[in-house]
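A quick write-up on the structure given underneath.
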Amino acid sequence: MRKLQLIIALVTLISVQTFAQTFTLQSNEIGGQSTKKQEFNGFGCSGENISPQLSWKNPPAGTKSFAITVFDPNAPTGSGFWHWVVFDVPANMNELVSNAGNITKNLAPKGAIQSRTDFGGAKGFGGPCPPVGHGLHQYIFTVHALKTDKLGLDADANPALVGYYLWQNTIEKASIIMYYSR
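Numbers in the working numbering are just positions in the sequence shown, counted from 1, shifted up by 1.
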């Protein structure tokens, strides 16, 4: 009986240690629901449009850069809606500070590219702004660990093209989901 207890304790310890070391995305500013701080300012929304602080840990071996995306699969477009696309984030970085998505503030890591979104080709962060009465929308914040240091794209790349390159180069990814409705 004692031997069985020891085996169970050992398996539990290994499981906890393995889980604790997975590639993880977290934020000090967002939880399960968006607030006016993140909400877009335009299209009938009156938020502050501030991208949240994001940090990640335990990237997989072979990571040469990161990309961060924010996607709303519930947008009534037939193909979802891209709110933020950032790539070529150097591998030695593990955080985007609050408001890094405001391209006029120069808060993103040096060398990172913030390309076009679905807000009419705008670059940088565009916060949640779902149609009134459309229900809860998911905003999926994802960090991609990439096997290349540069995607070879520029700030005029559209989200579909960046997504294609991410699909080819992602080793692992981690996400946080935030919800919002109006």
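Glycine included, every Cβ here is placed at the ideal spot set by N, Cα and C. The structure displayed is predicted, hence computed values, not measured ones.
**Q.** Separation of F88 from I172, as counted between CA atoms
**A.** In this structure, the alpha-carbon of I172 lies about 14 Å from that of F88.
Q: Just tell me which of L167, G134 and N50 has its CA closest to the CA of L154.
A: L167
Q.
Classify K106: buried if its beta carbon has 16 or more other beta carbons within 10 angstroms, exposed otherwise.
A. With fewer than 16 Cβ atoms within 10 Å of its Cβ, K106 is classed as exposed.
**Q.** Selected residue, minimal CA-CA separation from E49, among L55, K37, Q27 and S56
**A.** K37
Q: Look up N75 in the DSSP assignment and give the residues it is bridged to.
A: BP columns for N75 are empty, so no partner.
Q.
Please tell me whether P80 and L55 are closer than 8 Å, where the distance is taken between their beta carbons.
A. Here the sequence assigns Ser to residue 80, which means Pro is not the residue at that position. Remark: C-beta atoms of S80 and L55 do not approach each other more closely than 8 Å.
Q: Tell me, please, which residues DSSP counts as bridged to G43.
A: According to DSSP, G43 bridges with C46.
Q) Between the region 143-152 and the region 30-45, are three or more C-beta pairs nearer than 8 Å? A) no
Q: Could you tell me if I178 is buried or exposed, where buried requires 16 or more neighbouring beta carbons within 10 angstroms of its beta carbon?
A: Flag for I178 reads exposed.
(Q) Report the CB separation of L108 from N95 in whole angstroms; it is logged as a contact under 8 Å. (A) Incorrect: roughly 15 Å between the Cβ atoms, too far for contact.
Q) Near N59, what residues of its chain come up, given a Cβ to Cβ distance below 7 Å and the 5 sequence neighbours on each side ignored? A) Q22, T23, F24 and T25
Q: Go ahead and pull the three-state DSSP assignment for Q54.
A: Of the three classes helix, strand and coil, the one that applies to Q54 here is coil, per DSSP.
Q | Proximal residues to T149 (C-beta, below 6 Å), its chain only, five neighbours per side dropped | A | Cβ within range, chain order: K65 and N170.
Q: Using three-state DSSP, classify K111 as helix, strand or coil.
A: coil
Q. Do you know offhand how far N93's Cα is from A156's?
A. 21 Å
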